[in-house]
Amino acid sequence: MIKNTLRLALIFFCLTSIQNLLAQTRLENQTVTDLNKTPNYAFGVSDEDGLRGALGMYEVLISNGVQVENFEIIVKGPVVKTMIKGSQLEKDLEKYREKVRISICNIAMKRQGVAEEDLFPGLTVVETATIRMLQLQALGYNTIQ
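Heads up: the sequence shown runs through residues -23 to -1, 1 to 122, numbered per mature numbering (1 follows the signal peptide of the UniProt record, and there is no 0).
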């Protein structure tokens, strides 16, 4: 029991440290100028590390003065099981609620046995992660999957 608690605490510390390091990344002026040409971003993720990495990238962009009009994370895969009401992830994502749109793949929800009413508030269910990503690309978003 203590061993598992220590292991979880270590994992949480590592993830938090990675996110903090990303937020401290300084971008070159030319990079910021280039990124400001297309202020819309979308990230496709399938695990919690990817989700936290995308949020870390949001912090990097904002802390470097990059203009972000829209920032969307499209979630698919097993991580959808952790996006339920009352979860730790709900608490962790609260500070991003008005800043970052988080879309959840309906197919992944069905595969993982998660109903829409189980999700915490602020999440948007989309038909499929792939179609949503293609839609955002068609709208000129910078995308990473």
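Cβ coordinates follow ideal geometry from the N, Cα and C atoms, glycine included.
Less than 6 Å between C-beta atoms, sequence neighbours within five positions excluded: which residues of the same chain meet that for residue i?
| i | result |
| --- | --- |
| L100 | I79 and I81 |
| L4 | N41 |
| V102 | I81, N83 and E93 |
| E104 | N83 |
| Q114 | T120 |
So the alpha helix (DSSP H) residue i belongs to, where does it begin and stop?
| i | result |
| --- | --- |
| E25 | E25 to S40 |
| V52 | Looking at the DSSP string, V52 is not in any alpha helix (DSSP H); the run it does join, the beta strand (DSSP E), is N47 to V52. |
| T10 | N6 to L12 |
Is the CB-CB distance between residue i and residue j below 8 Å?
| i | j | result |
| --- | --- | --- |
| E67 | F97 | yes |
| I84 | F20 | no |
| V91 | K58 | yes |
CB-CB under 8 Å to residue i, same chain, minus the five flanking residues each way: which ones, in chain order?
| i | result |
| --- | --- |
| L116 | N17 |
For the putative contact between residue i and residue j, defined by C-beta atoms under 8 Å, what is the C-beta separation to the nearest angstrom?
| i | j | result |
| --- | --- | --- |
| T55 | D24 | With the sequence shown as reference, residue 55 is identified as Pro, and Thr is not the correct amino acid for it. With a Cβ gap of about 7 Å, P55 and D24 count as contacting. |
| L38 | L12 | 7 Å |
Taking the continuous beta strand (DSSP E) assigned at residue i, which residues delimit it?
| i | result |
| --- | --- |
| V22 | N17 to V22 |
So, at 7 Å on beta carbons, what are the nonlocal neighbours of residue i in its own chain, with the 5 sequence-adjacent residues on each side left out?
| i | result |
| --- | --- |
| L28 | V22, I50, V52 and V56 |
| N119 | T15, N17 and Y18 |
| E46 | P16 and N17 |
message: Report the start-end ranges of each alpha helix (DSSP H) in the segment 57 to 122 that is 4 residues or longer and not cut off at the edges.
response: 65 to 70, 83 to 89 and 106 to 115
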